[in-house]
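Asker: Could you have a look at this structure, given as structure tokens, before my questions?
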Amino acid sequence: MIIGIANQKGGVGKTTTAVSLACGLAEQGRKVLLIDSDPQGNASSSLGVNRTELEFSLYDALIDERPLNEVTLDSGRPNLYLVPAKVELAGAEAELSAASHNRPEGKPAFRLKSVLAPVADEYEFILIDCPPTLGQLTINALSAADGVIIPIQCEYLALEGLTQLKNTIDMIVSGLNPKLQIFGIVMTMYDGRTRLALDVVEEVKQYFPEQIFNTVVPRSVRLSEAPSYGRSIFEYDPSSRGALAYRALSREVEQRALAIA
Ligand SMILES: Nc1ncnc2c1ncn2[C@@H]1O[C@H](COP(=O)(O)OP(=O)(O)O)[C@@H](O)[C@H]1O
Ligand SMILES: [Mg+2]
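Taking our numbering, the leading residue of the sequence shown gets 49, the next gets one more, and so forth.
Rendered as structure tokens:
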């Protein structure tokens, strides 16, 4: 199953969710490929990859047609593999459009889909960490995906930016990828001491009763510290509230995937 983690808003917990879910599902014995599709490469560095030493990245597969298995790294953790990103991926947006002129059979939106096709059966989960935009990289991810997980920060006007994302998803469903579903909505950075956080969760629950996950991810300093050590929350502080939440979320994701399959 291929799942994009998307929200055009930055800092809502996409990368934290993508990395933690990838590690959580791998811990549960699922074979996982995490694709870092953000030029900032935060997912790569969160797993301890030194991006300056990388020979290849997602860019080489997307633009230079290097087979995906040649750009895939063993994360050093059981069951978990990574396609890293480097800053050059920022150029891919423009290049994807340009490439379509030379090779009309490969529509730019489907480049990632065709890159993934030869390896898709090797993994039980392919998770794609999207950049904070609705550009070509996110469109490529959602055109390739079976579902999208949308992290939403528990804050004022959380639903506001969602209209734009919903429009993009609808556009992709009607034109590019009819099977795309909202696989789930995860509420992040929940601060139980504030009334607001509770209200936001309730509001999102009303709009997306089917999609919202039961697990709500708390605001936790440990979650924000782990990436700077290149470690997942399960390695950095396995009994922290953040680790418990993402372990529970990983189980929910696994169950939903089984229910759909
Ligand atoms: N539940 C959380 N509690 C505390 N800090 C968090 C939490 N989730 C994410 N962060 C921190 O917030 C920042 C933005 O999160 P990130 O996952 O990078 O968001 P995005 O990928 O959407 O930009 C990062 O510094 C991250 O470590
Ligand atoms: Mg990110």
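Yeah, the Cβ is synthetic: ideal placement off N, Cα and C, and Gly gets one too.
Bear in mind the structure is a predicted one, so any value in this text is a computation, not a measurement.
Taking residue 140 as the reference, give the member of 156, 131, 129, 127 with the closest Cα.
Answerer: It is 156 whose Cα lies nearest to the Cα of residue 140.
Asker: Can you name the residues that DSSP bridges to residue 235?
Answerer: In DSSP, residue 235 forms a bridge with 200.
Asker: Taking 8 angstroms as the cut-off, does the CB of residue 63 come closer than this to any heavy atom belonging to ligand 3?
Answerer: Ligands displayed in this structure: ligand 1 and ligand 2; ligand 3 is not among them.
Asker: Beta-carbon within less than 7 angstroms of residue 220's beta-carbon, same chain only, minus the 5 sequence neighbours each way: which residues are those?
Answerer: Taken in chain order, the residues that qualify are 187, 190, 191, 228.
Asker: Please return the same chain residues whose Cβ sits closer than 7 angstroms to the Cβ of residue 64, not counting the five positions on each side in sequence.
Answerer: Around residue 64: 271.
Asker: Under 8 angstroms by Cβ, that's how I've got residue 177 and residue 305 pegged, so tell me the actual separation to the nearest angstrom.
Answerer: About 18 angstroms; that fails the 8 angstroms criterion.
Asker: Residues in the same chain with beta-carbon distance under 7 angstroms from residue 216, minus the five sequence neighbours each way, listed in chain order, please.
Answerer: Excluding residues within five positions, the ones whose Cβ falls inside 7 angstroms are 182.
Asker: Quick check: does the Cβ of residue 57 come within less than 8 angstroms of any heavy atom belonging to ligand 1?
Answerer: It does: the Cβ of residue 57 is within 8 angstroms (strictly closer) of some heavy atom of ligand 1.
Asker: Just checking, does the segment 67-75 make contact with the segment 123-142 on the three C-beta pairs under 8 angstroms criterion?
Answerer: Yes, the segment 67-75 is in contact with the segment 123-142.
Asker: Please list the segments of the alpha helix (DSSP H) lying wholly inside the segment 97-173, counting only runs of 4 or more residues, in order along the chain.
Answerer: For the segment 97-173, whole alpha helix (DSSP H) runs of length 4 or above, ordered along the chain, are 106-112, 116-119, 140-150, 159-164.
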